[in-house]
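Presented below is the structure to which this report refers.
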Amino acid sequence: MSKSDFYKHFESKDACFIAAYDAAVEEIRESVLAACAEADGWAERVMAALASLLALLASEPAQARLALVEGLRAGRGIYDRYQEAVQGFVPYLRDGAPAPPEGRPPEATDEAVVGGIASLLARRALAGEIERFERFLPEVAEFALTPYMGTAEARRI
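Read left to right, the sequence shown gives residues 1032 to 1188 (our numbering).
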């Protein structure tokens, strides 16, 4: 694409990056929500969401790197978008979550779980492991389910 064609579509390189980032995040959101819609029960929705997320990212390494790594490096505006995207998944985790016998974990747990998954995947992406993301499903699922179901039940699922 010529420089003049590029600037017909975007006012700057930053605007192009933001458009690509937003498109990547939206595709992730649509994939995760579609997977959740097909599952019954909270734990099944979490498992379906995680499986969908990991499969999508593994199949699209450039998109995974854009969403998980470059969004943290591209400056404050994109970092804020990254934080909004991560926080946008918190209500889906929280909705219908069971309370273990000792009671519902603090609301900050929901944010910590979603943020922890994003952080784990970003580190794995930096390590060049994007194509193997799907093999992390048991580990990531146990991390996501344990605060709500206890370790034994999370491992069983």
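Glycine included, every Cβ here is placed at the ideal spot set by N, Cα and C.
No experiment lies behind these values; they were computed from the predicted model shown.
Are the beta-carbon atoms belonging to G1072 and P1131 less than 7 angstroms from one another?
no
DSSP three-state assignment for S1033, whether helix, strand or coil:
coil
Run through DSSP, which three-state label would R1125 get?
helix
Measure the Cβ-Cβ separation of Y1189 and G1127 and say whether it is below 7 angstroms.
Residue coverage of the chain in this structure runs from 1032 to 1188, which leaves residue 1189 outside it and unanswerable.
Integer-rounded CB distance, given that R1096 should sit under 8 angstroms from A1156
6 angstroms
Where does R1076 land, buried or exposed, given buried means 16+ other C-beta within 10 angstroms?
buried
Which whole-angstrom value describes the C-beta separation of Q1094 and A1055, a residue pair presumed to lie in contact below a C-beta threshold of 8 angstroms?
A1055 and Q1094 do touch by the CB rule: their CB atoms are close to 5 angstroms apart, below 8 angstroms.
One question on the structure: do V1121 and D1141 come within less than 7 angstroms of each other, judged by their Cβ atoms?
A distance below 7 angstroms separates the beta carbons of V1121 and D1141.
Straight-line Cα distance separating R1166 from R1186
15 angstroms
State yes or no: is the C-beta of V1145 within less than 7 angstroms of the C-beta of L1176?
no
Rounded to whole angstroms, what's the CA-CA distance from F1048 to A1082? Just pull it up for me.
Across the structure, F1048 and A1082 are spaced so that their CA atoms are roughly 27 angstroms apart.
Using 7 angstroms as the threshold, is the C-beta distance between C1067 and A1051 below it?
no
CA nearest to the CA of R1135, picked from Y1110, P1178, G1119:
P1178
So, using beta-carbon positions, are L1099 and A1153 closer together than 7 angstroms?
Yes, the Cβ-Cβ distance between L1099 and A1153 is below 7 angstroms.
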